[in-house]
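Read through the structure below, which is laid out as structure tokens, and then see the notes.
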Amino acid sequence: MTTTTSAIFVWRVDALPKTRSAKIMRRAIRAAALGIDPGDLSGAENPDAVNQIRRLVFAQETPVDA
Numbered sequence: 064m065t066t067t068t069s070a071i072f073v074w075r076v077d078a079l080p081k082t083r084s085a086k087i088m089r090r091a092i093r094a095a096a097l098g099i100d101p102g103d104l105s106g107a108e109n110p111d112a113v114n115q116i117r118r119l120v121f122a123q124e125t126p127v128d129a
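For my numbering, count along the sequence shown from 1 and bump the result up by 63.
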């Protein structure tokens with residue numbers, strides 16, 4: 064029996080994209096990590112955080128292993 068495993072990586076970022084009511088926008092984080100359009104970010108308090116996540120994930124830097 065073979066088991067399929069996938070690597071899990073952790074990247075540290077300065078900020079997470081949050082709504083104006085301080086809820087973390089998981090949809091935008093997931094989209095940035097997958098390289099797809101995050102959709103409407105007009106309700107985000109800090110939409111630049113999505114771009115930082117995208118740059119970090121797709122950079123050649125080695126993440127911290129979890």
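Positions of the beta carbon are idealized from the N, C-alpha and C atoms, including for glycine.
Burial state of residue 104 (16 or more Cβ within 10 Å): So residue 104 counts as buried.
Start-end ranges of the beta strand (DSSP E) lying completely within the region 75 to 123, minimum 3 residues: List check, beta strand (DSSP E) in window: nothing returned.
Residue 120 vs residue 91 beta-carbon contact at 8 Å: For residue 120 and residue 91, no; Cβs fall outside 8 Å.
Residue 74 to residue 83 span [Cα, whole Å]: Residue 74 and residue 83: Cα-Cα distance of roughly 24 Å.
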